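Worksheet: the structure to be examined is printed underneath.
There are 2 protein chains.
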Amino acid sequence: MLYLSNADVDALLDMKACIESFELAYRAAFEGTAVNGRRSDMITATQREDGGVYSLKMVGGIVPASGIGAVRINSDILSFPSAGGRTRKVKVPAAPGDRWVGLILLFSTVTGEPLAILPDGVLQRMRVGASSGLALRHMARGDASRLAILGSGWQAHAQAMAAAAVRPLSEIRIFSPNPDNARAFAAALEGRLNIPARAFVAPEEAVRTADIVLCATNSLQAVFQASWVEPGMHIGSIRDGEIAPEALLKAGRIIVHDPGNMGSDHLVVAKGLTHKEGSKQINSDPRLAKIAAAPSLAELVAGAASGRQSADEITCFLNFHGLGYQFAAAGAVLLDRARQAGLGHRLPSEWFTQDVHS
Amino acid sequence: MLYLSNADVDALLDMKACIESFELAYRAAFEGTAVNGRRSDMITATQREDGGVYSLKMVGGIVPASGIGAVRINSDILSFPSAGGRTRKVKVPAAPGDRWVGLILLFSTVTGEPLAILPDGVLQRMRVGASSGLALRHMARGDASRLAILGSGWQAHAQAMAAAAVRPLSEIRIFSPNPDNARAFAAALEGRLNIPARAFVAPEEAVRTADIVLCATNSLQAVFQASWVEPGMHIGSIRDGEIAPEALLKAGRIIVHDPGNMGSDHLVVAKGLTHKEGSKQINSDPRLAKIAAAPSLAELVAGAASGRQSADEITCFLNFHGLGYQFAAAGAVLLDRARQAGLGHRLPSEWFTQDVHS
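Protein chains in written order, with numbering that gives the first Met the number 0: chain E, 0 to 357; chain U, 0 to 357.
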């Protein structure tokens, strides 16, 4: 049983390897050999005075070909502050030392034993990036070189790394509502990727003539507008509601991460195009059928759904909700490399196994 | 962050304290403040030569009043041998040292931080026992003194402890298909509880004139038959299918652990009384409505459903499937006691928290 830190994961795992492991895992998922567990989101009141709520999330998955089952747990204090007419979901660093809590456990499918426990921060960022990268590889124009990123946080960074891993980028444009964050992010990207990166104060200027636009914000309102859509663009989003519904409807080809994870309750993306009757969400706009019928990334990767059909086509990938088998796929690569490099702390395996069973 | 062993849990937690913590948690669940996560059961092929399959299960829950969120993970190799016309589900001890794998993680609802990690063996046994004990307290006759147990394993032991915690037992009768196991179990119980305990070779003799019959086997076939039912009996089962459907239908009052966890796919209990039309399970016997409409243990504990109404009434508790908040409730007691006693290994908290978030 190995403990790995975020620094270990960062040192061991690279975006390219992550995308390659996903290519195999998504194909296996399409074939039905890799599986995804049911996601559970629990939210309760908590004994805090700041109005926060407690959130406990679980997701899991298995990639038998890699010999790994994975569970990811997030234990968060959430608050929902409003500023400038926008409501944001904020994870409060409420753990000692002003820290957050997300954990991944990796298990052997051959012996059942736990093989590793690690914080989820770096792997989580990489896996969201890697699924965007995998979709990009199958959907963006082969010569796509101008990347625009809306957002400047942790997730935005991974989106940039993923695009750079699969397309020959010549420039990166960054928009963030906070100009300092945008500038700092552009500088960091330029240093890490050796690709010119520039901050923009107006989002529509950042995305103009971009081949690829990736939204990676924590906004609960639309950050990408319909009037910004251009022929040939590939548009990605990691959060439901980031892309204005009318922009989505302009896309000739939409792929969703996993339709099974996109219940109508979650489909904020179509806000304004649906209405509720009792507890049931009713699609009042027939164009919504396009989104509801969108194939999954697994179908795209396995060739059961088509990728881009022409240079002018507008393509869109909705990268919502984690799939548990992502953590198993990337976790298998991580474990192999950790063993080879001798990284991580060993914990007594017998602590985490037992001589009884239920 | 504390590591606790099964021996620690065994030393710290007693059945009475567990039942008391459940009484509060089930009431909170009825009021909607304690919550139960969605259970996820994943099963895949595995690269083994013995025909086993890999099973990864997750369940979770939160009891905000106790300040604890809990996740339980089981990582098992399963095989399904047949012997004597019965099919059994066997968990193969495939981890190094011939061991099994089940883990519980406890989190603070106030800070989000992980507070403990422990194997699930002892707590799992106690929580199945404690929920049976809680039901028994509200359902069995107040003067019930003759206990019969069908089964002699790990779970059977906890069922006996639970019954002894809430009723003035005068004798315990044990049946197991393996007479040696039955005798050893009877001797162990007599030693631990100081109550006369006797092994039986015929199950119908063990249950005759018993006030309480608790089934705790790993049989996938019925082990308790309809002709054995007597007036005033309280009958419990921890596994779907243990009680013959016709025996169930004789009960005047049935309580199920949680109806939300009893999907028609799982309702083997009603085998022979249902049939499938496509993917839908059809109740072909109208008497099944009694089972389908049975109240939950939370409703019983909160007083929204009635317990026993007369000395002659036949009552039945179906204790299937874990509820995540059980682990949070018992976990809170466990943590308090571990801190007071100074038990457990301390692990660096900063390993399991992080300075980044997703």
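Glycine included, C-beta positions come from ideal geometry on N, C-alpha and C. Source: prediction; values computed, not measured.
Reference residue i; option with closest CA among the options
i                : options                               : result
Ala162 (chain U) : U:Ala246, U:Asp179, U:Arg136          : U:Arg136
Glu229 (chain U) : U:Lys15, U:Asn217, U:Leu23, U:Asp210  : U:Asp210
Asp13 (chain U)  : U:Ser39, U:Thr352, U:Phe351, U:Gly330 : U:Gly330
Ala143 (chain E) : E:Met41, E:Ile76, E:Pro176, E:Leu168  : E:Leu168
Thr352 (chain E) : U:Ile18, U:Arg47, U:Ala94, U:Lys249   : U:Ala94
Val332 (chain U) : U:Leu248, U:Ala292, U:Glu19, U:Ser4   : U:Glu19
Asn35 (chain E)  : E:Val70, E:Arg166, E:Arg172           : E:Val70
Phe184 (chain E) : E:Asp9, E:Gly150, E:Val206            : E:Gly150
Val8 (chain E)   : E:Ala303, E:Arg126, E:Ala292, E:Pro63 : E:Arg126
Gly132 (chain E) : E:Leu296, E:Ala310, E:Gly341          : E:Leu296
Cβ-heavy atom distance, residue i to the ligand SAM, below 7 Å
i                : result
Gly343 (chain E) : This structure simply doesn't include the ligand SAM, nor any ligand for that matter.
Between the CA atoms of residue j and residue i - distance to the nearest angstrom
i                : j                : result
Arg238 (chain E) : Cys315 (chain E) : 13 Å
Ala155 (chain U) : Leu102 (chain U) : 21 Å
Arg345 (chain E) : Leu1 (chain E)   : 5 Å
Gly262 (chain U) : Ala198 (chain E) : In this prediction, Gly262 (chain U) scores a pLDDT of 44, lower than 50, which makes its location untrustworthy; no coordinate-derived value is stated.
Asp354 (chain E) : Trp153 (chain U) : 12 Å
Glu164 (chain U) : Gln308 (chain U) : The question names Glu, but residue 164 (chain U) in the sequence shown is Ala. Taking the straight line from one Cα to the other gives about 22 Å.
Arg182 (chain E) : Met41 (chain E)  : 37 Å
Ala16 (chain E)  : Ser348 (chain E) : 28 Å
Asn177 (chain E) : Thr216 (chain E) : 12 Å
Ile254 (chain E) : Arg38 (chain E)  : 20 Å
Gly83 (chain U)  : Ser74 (chain U)  : 28 Å
Leu266 (chain U) : Asn5 (chain E)   : Summary for Leu266 (chain U): the model assigns pLDDT 43, below 50, so the residue's position carries little reliability; its value from the coordinates is reported in the next sentence. Taking the straight line joining both Cα atoms gives about 44 Å.
Glu245 (chain U) : Gly235 (chain U) : 15 Å
Val206 (chain U) : Leu213 (chain U) : 9 Å
Ala225 (chain U) : Ile61 (chain U)  : 38 Å
Counted within 10 angstroms of its Cβ, other Cβ atoms place residue i as buried (16 or more) or exposed
i                : result
Phe79 (chain E)  : exposed
Arg252 (chain E) : buried
Glu298 (chain E) : buried
Ala157 (chain E) : buried
Gln123 (chain E) : buried
Gln325 (chain E) : buried
Val200 (chain E) : exposed
Asn318 (chain E) : buried
Ala129 (chain E) : buried
Ala139 (chain E) : buried
Glu204 (chain U) : exposed
Ser81 (chain U)  : exposed
Arg191 (chain U) : exposed
Gly96 (chain E)  : exposed
Ser305 (chain E) : exposed
Ala49 (chain E)  : As written in the sequence, residue 49 (chain E) is Asp, which differs from the Ala given in the question. Exposed, by the Cβ-count rule.
Glu30 (chain U)  : exposed
Asp119 (chain U) : buried
Gly271 (chain U) : Low per-residue confidence applies at Gly271 (chain U): pLDDT is 46, beneath 50, and the placement is therefore not dependable, though the value from the model is reported in the following sentence. Exposed, since its Cβ has fewer than 16 Cβ neighbours within 10 Å.
Arg172 (chain U) : buried
Gly66 (chain U)  : buried
Thr208 (chain E) : exposed
Listed by chain order, chain U residues near residue i by CB distance under 9 Å
i                : result
Val332 (chain E) : Under the 9 Å cutoff, chain U gives no residues; its nearest Cβ is about 17 Å from Val332 (chain E).
Ala93 (chain E)  : Ser107, Val109, Thr110, Gly111, Glu112
His156 (chain E) : Here the premise fails: no neighbours, minimum Cβ distance about 10 Å.
Arg345 (chain E) : The premise fails here: Arg345 (chain E) is roughly 13 Å from chain U at the closest Cβ pair, so nothing lies under 9 Å.
Arg124 (chain E) : Val355, Ser357
Ile76 (chain E)  : Thr108, Val109, Thr110, Gly111
Asn5 (chain E)   : Gln353, Asp354, Val355
Amino acids of chain U, ordered along the chain, whose beta-carbon sits closer than 7 Å to that of residue i
i               : result
Val34 (chain E) : Met41, Thr43
Contact set between residue i and chain U, taken where Cβ atoms lie within less than 8 Å
i                : result
Arg87 (chain E)  : Simply none; closest approach about 13 Å.
Thr352 (chain E) : Ala94, Pro95, Gly96, Arg98, Trp99, Val100, Pro118
Tyr2 (chain E)   : Trp350
Presumed contact (8 Å Cβ cut-off) between residue i and residue j, rounded CB distance
i                : j                : result
Gly68 (chain U)  : Thr108 (chain U) : 5 Å
Leu219 (chain E) : Thr32 (chain E)  : Actually they do not touch by this definition, with Cβ atoms about 36 Å apart.
Arg336 (chain E) : Leu11 (chain E)  : 4 Å
Glu170 (chain E) : Ile148 (chain E) : With a Cβ gap of about 11 Å, Glu170 (chain E) and Ile148 (chain E) do not count as contacting.
Gly231 (chain E) : Glu112 (chain E) : At roughly 49 Å, the Cβ-Cβ gap does not stay under 8 Å, so Gly231 (chain E) and Glu112 (chain E) are not in contact.
Leu23 (chain U)  : Gly51 (chain U)  : That belief does not hold up - the Cβ atoms of Leu23 (chain U) and Gly51 (chain U) are roughly 40 Å apart, past 8 Å.
Lys90 (chain E)  : His256 (chain U) : Their Cβ separation, rounded to whole angstroms, is 33 Å, which puts Lys90 (chain E) and His256 (chain U) out of contact at 8 Å.
Chain E residues whose Cβ lies nearer than 9 Å to that of residue i
i                : result
Gln46 (chain U)  : Pro63, Ala64, Gly66, Thr108, Val109
Trp227 (chain U) : By Cβ distance, chain E contributes nothing, its closest Cβ being about 27 Å from Trp227 (chain U), past 9 Å.
Leu104 (chain U) : Ile72, Ser74, Leu102, Leu104
Amino acids of chain E, ordered along the chain, whose beta-carbon sits closer than 7 Å to that of residue i
i               : result
Gly59 (chain U) : Ser39, Met41, Leu55, Met57
Lys90 (chain U) : His356
Within chain E, partners of residue i - CB distance below 8 Å
i                : result
Leu188 (chain U) : Result: empty, since nearest Cβ-Cβ is about 17 Å, beyond 8 Å.
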